[in-house]
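Chains A and B supply the protein sequences, listed in that same order. Just so you know, we're using our numbering here: the first sequence kicks off at 1 and counts up by one. Just so you know, we're using our numbering here: the second sequence kicks off at 1001 and counts up by one. The C-beta atom is built at its ideal place from N, Cα and C for all residues, glycine as well. Just so we're clear, the structure is a prediction, and the values are computed from it rather than from any experiment.
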Amino acid sequence: MRLEWLTVPLLACLLSPLGGCARAVEANEGRIVHREKSMYRDLMVIETEQHRCMSFARRGGMQSCMFKDAPDILAIPYTRGAFAGLLANPDARRVLVIGLGGGVIPRAMRRIDPSMRIDVVELDPAVVEVAKQYFGYREDPLLRTRIGDGRVFVRRQARAGVRYDLIVIDAYERVYVPEHLMSREFIGEVKSLLAPGGVVASNTFARGPLAPYETATYQSVFGETRIVEMALGNRIILAARDGLPPESTMRRNAVDFEQRFLTIGIETAELRSQPQPPADGYRPLTDQYAPANLLFGH
Amino acid sequence: MSVSLPHTMEPLDSSSGGTPASRPRWRNAALYLTAAWSGFFVMGVELLGGRLMAPYFGSSIFVWGAIIAVFMTALAIGYLIGGQLSLRSPSLRGLGLLLIAEAVLALPIVFFGDAVFDALSYAIEDPRYGSLLAALLMFGAPTLFSGMVSPYAVRLLIDSIEKSGQSAGRLYFASTLGSAGGTILTTFYLVLLFEIDTIILSLIAISFAIGACLCLPGVRRHAA
């Protein structure tokens, strides 16, 4: 991605963790082109000269942004970070994305691999409509969107015997973390849905009091986790059913993906992951003890 | 009935046991406290119930809709039954038994909740009706008995027709304020300190203890 494309306000917003640019865009001639009260949120599409972004709350940051004249380029760092999952499991054929947003992640996956089978589960039907209308999100025979709760979907797929090679979790917002999607039990259900060699890439909070609890929760299920610190402040937790491949393998895979990733605005260097030290002293969140939003707010 | 001596008014019904003057002061306080606790209990269980169901049905708006609908309906029926029950020799012991019933009937939430939610989440395709039935099975019975507490306690409080509205108003005040307390304490603090089952078991233990106290022979003799 070329930095000169970025306007100053958008750069400011991209620098903040998990979005957070609503105010910056708003204060800088960002124009609301669509606004609706959906069943769950105040859903907005905000445009600047070069960008179009989806926002769930005035101060809640951006869920998805795209360049209006280069819609295939992933504009927000964490959406690029999710592709580190492919470096850990380059042969992923079947992918699940939990949380649609503007649909930029599944769309970019489709762009680099026309035969990948992608399931998306999104709670809010209005988000799906807006993704289609404003962000060029298209379903096809191998890319399906299910409306519903992510956890309910995961449980049902696991029971039906479906397995995924890559699961991308993008369900946590700055203003609200669904607590039942941030528990050891849920992460365990996600793990049970992974095929052999399957990988999970979860967009989580880089900073703040909740971060070590998230790490502890993922580690309590997967043991080893790695982290992709994105240049502009988000982090992706990487974990695998059967353990992550060594770094040298992921680097080799990165070379294979380099050209394809460039078409969606990813430079493979930014997907380099680090082993995550154990979150000692932090209690994993569970269904019984899951005050994610309270911990976040402290 | 003498207007000039309202404090010596006859009870509305001789079966209510004793004139106001013969009742110890703490009796009314105990009734308000019981109603307040019952309100606390209901809201604590309701909010934690939502959390217990989320892993199986999600936390979509309709899951909360199902839970609230079940609680409201159970309370409504409880009011009706509690009012009927108060017609027949109401006593502190009877009130105590209602609390013990709400406590005992809430135990399955802790011990069978997960199994029931799990089975229903697969058995019923539409999570709206799955969560409605699940909430009904797990929360309907204890909430029904919680609903019986207030009208029953009103009957024990009322000294006169003139003051019946006042007594009922005070009781609703206590009960609803208790609900507010249960709501805020549970969601702001308790979930940060304890596991959900621990909180529910504690609520059950407190309900049981209050109910048992109201049933103690000494309490009945002094208060009746």
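Proximal residues of chain A, C-beta to C-beta of residue i below 7 Å
i        : result
V1042(B) : The contacting residues do not exist; V1042(B) stays about 21 Å from chain A at best.
L1192(B) : P291 and L294
I1067(B) : What I1067(B) touches in chain A: nothing, since even the nearest Cβ is about 14 Å away.
Chain B residues whose Cβ lies nearer than 8 Å to that of residue i
i       : result
Q157(A) : Going along chain B, no residue has its Cβ under 8 Å from Q157(A), so there is no contact; the nearest lies around 12 Å.
Per-residue contacts from residue i into chain A (C-beta, under 8 Å)
i        : result
G1058(B) : L123, G148, D149, G150, R151, V152 and H180
S1121(B) : V152 and R155
P1127(B) : G148, D149 and V152
Same chain only: Cβ atoms within 7 Å of residue i, ignoring 5 sequence neighbours per side
i        : result
I118(A)  : V95, V97, P106, M109, R110, L142 and L143
I147(A)  : E122, P125 and V128
L1120(B) : G1130, L1133 and A1134
Q288(A)  : none
A292(A)  : V177, E179, M182, L210 and L285
V221(A)  : R184, I187, G188 and K191
R260(A)  : I112
D1118(B) : Y1056
Beta bridge counterpart(s) of residue i as assigned by DSSP
i       : result
C53(A)  : I46(A) and C65(A)
Y164(A) : L194(A)
L143(A) : I118(A) and D140(A)
L74(A)  : M66(A)
S202(A) : I169(A) and I237(A)
P326(A) : Coverage of chain A is limited to positions 1 through 298, which leaves residue 326(A) absent and any answer about it impossible.
Chain-order list of residues whose beta-carbon lies under 6 Å from that of residue i (same chain, five-residue window excluded)
i        : result
S202(A)  : I169 and I237
G85(A)   : L166, V199 and A201
S1016(B) : At S1016(B) the pLDDT is 43, less than 50, meaning the model places this residue with poor confidence; the figure from the coordinates comes in the next sentence. Cβ within range, chain order: n/a, list empty.
P71(A)   : G136
L1099(B) : S1207, I1210 and G1211
L1047(B) : T1186 and T1187
T79(A)   : V104 and I105
Chain-ordered chain B contacts of residue i [CB-CB under 7 Å]
i       : result
R288(A) : Note that residue 288(A) corresponds to Gln in the displayed sequence, not to Arg. Neighbours of Q288(A) on chain B, chain order: E1195, I1196 and D1197.
E185(A) : P1055
Beta-carbon proximity list for residue i, same chain, < 8 Å, skipping 5 on both sides
i        : result
Q1184(B) : It should be noted that the sequence gives Ile, not Gln, for residue 1184(B). Here the set comprises nothing.
A1036(B) : A1174, S1175, L1177, G1178 and G1181
L194(A)  : R163, Y164, D165, I167, V200, A240 and R241
D69(A)   : Q50
G1050(B) : S1059, V1063, W1064 and I1067
Start-to-end residues for the beta strand (DSSP E) that takes in residue i
i       : result
E267(A) : Careful: E267(A) lies outside any beta strand (DSSP E) and carries neither H nor E.
E229(A) : R226 to E229
D119(A) : R117 to E122
D287(A) : Where D287(A) is concerned, there is no enclosing beta strand (DSSP E), given that its DSSP letter is neither H nor E.
Residue environment, residue i, which counts as buried when at least 16 other CB atoms sit within 10 Å
i        : result
G281(A)  : exposed
V255(A)  : exposed
G103(A)  : buried
M1072(B) : exposed
P278(A)  : exposed
D140(A)  : exposed
V130(A)  : buried
P1231(B) : Absent from the structure is residue 1231(B), since the part of chain B shown begins at 1001 and ends at 1224.
Proximal residues of chain B, C-beta to C-beta of residue i below 9 Å
i      : result
Y40(A) : S1060 and I1061
Range of the contiguous alpha helix (DSSP H) that encloses residue i
i        : result
P106(A)  : V104 to I112
V96(A)   : Correcting the residue identity first, residue 96(A) is Leu in this sequence and not Val. Counting along the chain, L96(A) falls outside any alpha helix (DSSP H), though it belongs to the beta strand (DSSP E) covering R94 to I98.
K302(A)  : Chain A is shown only over 1 to 298; residue 302(A) falls outside these bounds and no answer can be derived.
D256(A)  : E247 to L262
L1048(B) : W1026 to F1057
D1197(B) : I1196 to C1215
Y1129(B) : P1127 to L1157
T1073(B) : I1061 to L1085
T1183(B) : S1164 to I1184
F135(A)  : From DSSP, F135(A) is part of no alpha helix (DSSP H); its letter is neither H nor E.
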